[in-house]
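Residue numbers (my numbering): 734 to 924.
Notes follow once the structure below has been shown.
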Amino acid sequence: MKLNSCRGILAVIAAGVWITNACAQHEHNAQTQSMPKTEMMSIHKAVAVLTPTQGNTASGVVTFTKVDGGVRVSANLMNVPVGDHGFHIHEFGDCSSADGVAAGGHFNPTKMDHAGPTAEKRHVGDLGNVTANAEGKVQLDYVDQHLAFAGPNSILGRGLILHAQPDDLKTQPTGAAGARIACGVIGIAKE
Ligand code: CU
Ligand code: ZN
734 MKLNSCRGIL
744 AVIAAGVWIT
754 NACAQHEHNA
764 QTQSMPKTEM
774 MSIHKAVAVL
784 TPTQGNTASG
794 VVTFTKVDGG
804 VRVSANLMNV
814 PVGDHGFHIH
824 EFGDCSSADG
834 VAAGGHFNPT
844 KMDHAGPTAE
854 KRHVGDLGNV
864 TANAEGKVQL
874 DYVDQHLAFA
884 GPNSILGRGL
894 ILHAQPDDLK
904 TQPTGAAGAR
914 IACGVIGIAK
924 E
């Protein structure tokens with residue numbers, strides 16, 4: 734309401750330079766007060782929507798939620814070929830290439846070797862495998878102790894990749910999980 738009356742005065746007294754300044758200041762203050770203080774907020778939830786790479790079908794939604802002891806990873810995927818598939822967070826949140834390769838290698842800010850999700854030393858991005866049932870559905874729900882939403886291990890803005898083959902949890906640096914059949918970007922979610 735105050736902003737509207739401000740503009741009304743401007744329309745009537747177009748030449749009033751001092752009023753123009755006063756109203757500009759008023760609008761500036763109103764904007765500052767309504768801006769979210771992102772630097773003071775801590776992120777509690779993130780989400781990635783996986784979409785199939787070229788020639789593939791797998792898709793779904795993966796959420797990451799901060800809990801005691803780590804980050805809870807919940808995946809609901811569909812149209813996935815039956816069996817085990819490597820599942821990793823990759824360095825770049827870039828799904829622009831048809832084969833998913835633009836997402837780069839496994840997210841590895843701590844410069845460790847590739848390993849399985851329960852290993853003490855691993856790539857931060859090593860989420861291991863997911864398993865698709867006979868209907869092509871994947872349901873995953875576990876708490877990961879290496880993932881974070883702040884600091885060098887933050888997964889926000891990184892890529893999430895589903896592979897064609899199982900991750901053997903030992904071959905360096907990829908787990909020999911083969912082609913990338915789905916790609917998503919991890920973004921901040923509504924709580
Ligand atoms: Cu991968
Ligand atoms: Zn890895």
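For glycine and all other residues, C-beta sits at the position ideal for the given N, C-alpha and C.
- Here the distance from the Cβ of residue 833 to the nearest heavy atom of the ligand ZN is not below 7 angstroms.
- Collapsing the DSSP output to three states places residue 857 in coil.
- Membership of residue 796 in the beta strand (DSSP E) is indicated by the continuous run 792-800.
- One Cα belongs to residue 845, the other to residue 895, and the distance between them is close to 21 angstroms.
- A direct Cα-to-Cα measurement between residue 909 and residue 897 gives close to 10 angstroms.
- Listed in chain order, the non-local C-beta contacts of residue 876 below 8 angstroms within the same chain comprise 800, 802, 803, 804, 805 and 806, local neighbours out to five positions each way being set aside.
- Looking at 916, 856 and 775, the one whose alpha-carbon comes closest to that of residue 879 is 856.
- Comparing alpha-carbon positions, the option among 853, 776, 789 and 812 lying closest to residue 869 turns out to be 812.
- For residue 877, the enclosing beta strand (DSSP E) begins and ends at 871-877.
- When the alpha-carbon of residue 902 is set against those of 778, 850, 790 and 832, the nearest one is in 850.
- In chain order, the residues that have a beta carbon nearer than 5 angstroms to some heavy atom of the ligand ZN are 839, 847, 856 and 859.
- Counting the other CB atoms within 10 Å of its CB gives residue 899 a total of 16 or more, which places it among the buried residues.
- With fewer than 16 neighbouring CB atoms inside 10 Å of its own CB, residue 815 falls in the exposed class.
- In the DSSP assignment, residue 784 falls within the beta strand (DSSP E) that extends over 778-785.
- With the criterion CB distance below 5 angstroms from any heavy atom of the ligand CU, the matching residues run 821 and 894 along the chain.
- Taken atom to atom, the span from the alpha-carbon of residue 862 to that of residue 831 is near 22 angstroms.
- Apart from sequence neighbours up to five positions away, the residues of its chain that approach residue 827 with a beta-carbon distance below 7 angstroms are 835, 836 and 892, ordered along the chain.
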